Amino acid sequence: ALTSAPKLSDRRAATDVLRESVVTRLRRGVRRSMVLQVLRLRFVSATGRLREFRRPPEPPLQSYAATPSTRIVTGLEIARQCVSEIAADASARGARTAIVLMPARFQIDTPDYMRLREAVADAGGTLQRDAATDRFTAAFVPLALPMTDLLSPLRNAPPGGDLFFQENVHLTRRGHGIVADHLAPFVTRLLER
């Protein structure tokens, strides 16, 4: 959200738009591949050993860090402001807004979490599995909007197949079913108000 804040205004240079497009495509490519995610974390860890040549990099996955960088706090404030504006716009048009918190795959998949925790530790950080969920919840509570979190239903799902594809961050058919089973009563209650 911090790097996206300037995008909320219409005054952007063409070079900024192009750079944003390239960076977005790279990020999407990395997010689709667990191998590239781990490779990125290893790269950050390896470059962290070159501290005498440049400022040390911050450990990755700062939203989940035990002690996040200040940009995370700023990003949460920006996210809260954006959701507040979305809710105001929706209300002005006679619509309602609700918030659904979606967990990261490693919050559900323990082997995935263990790999990322080790990589973050190698980079000098401490990964807290549910820190981002807690931070987003705290950021959005003041908005007084209906909110639900998919972490518990996904984490407490009965044994069975994967909930997320291993190649990317998308839900499997089973994961979608669990989410639908949780969202149906949530949305029904909202519609009955």
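Its first residue numbered 2, the sequence shown is counted upward by one per residue in this note's numbering.
Backbone N, C-alpha and C define an ideal beta-carbon position, used for all residues, glycine too.
Predicted, not measured: the structure shown is a model, and the values here were computed from it.
Review point. Just the Cα atoms here: how many angstroms apart are G76 and T68?
Key: Cα-Cα distance, rounded: 15 angstroms.
Check your understanding: At what residue ranges does the region 99-151 contain a whole run of the beta strand (DSSP E), taking only runs of 3 or more?
Key -> For the region 99-151, the continuous beta strand (DSSP E) assignments of 3+ residues that do not extend past its boundaries occur at 100-102 and 148-150, in sequence order.
Practice item. Using 10 angstroms around the beta-carbon of D90, count the other beta-carbons present and answer buried if the total reaches 16, otherwise exposed. Key: Result: exposed.
Point to revise | Straight-line gap, H1 to M35 (C-alpha atoms, nearest Å) | key: This structure leaves residue 1 out entirely; the chain is present only between 2 and 194.
Practice item. Measure the Cβ-Cβ separation of G126 and A88 and say whether it is below 8 angstroms. Key: No, they are not a contact pair.
Practice item. Have a look at L146 and L152 and give me their C-alpha separation to the nearest angstrom. Key: About 18 angstroms.
Check your understanding: In three-state terms, what does DSSP make of A67?
Key -> Of the three classes helix, strand and coil, the one that applies to A67 here is coil, per DSSP.
Practice item. Look up L172 in the DSSP assignment and say whether it is helix, strand or coil. Key: Strand.
Practice item. Can you tell me which of M148, D131, I109 and A14 puts its alpha carbon nearest to the alpha carbon of L191? Key: L191 has its Cα closest to that of M148, out of M148, D131, I109 and A14.
Check your understanding: According to DSSP, is F166 helix, strand or coil?
Key -> Here F166 sits in coil by DSSP.
Practice item. Can you tell me which of the three DSSP states V188 falls into? Key: For V188, the secondary structure class from DSSP, reduced to helix, strand or coil, is helix.
Exercise for review: Would you kindly work out how many angstroms separate the C-alpha atoms of D113 and A93, rounded to a whole number?
Suggested key: Distance between the alpha carbons of D113 and A93 is about 43 angstroms.
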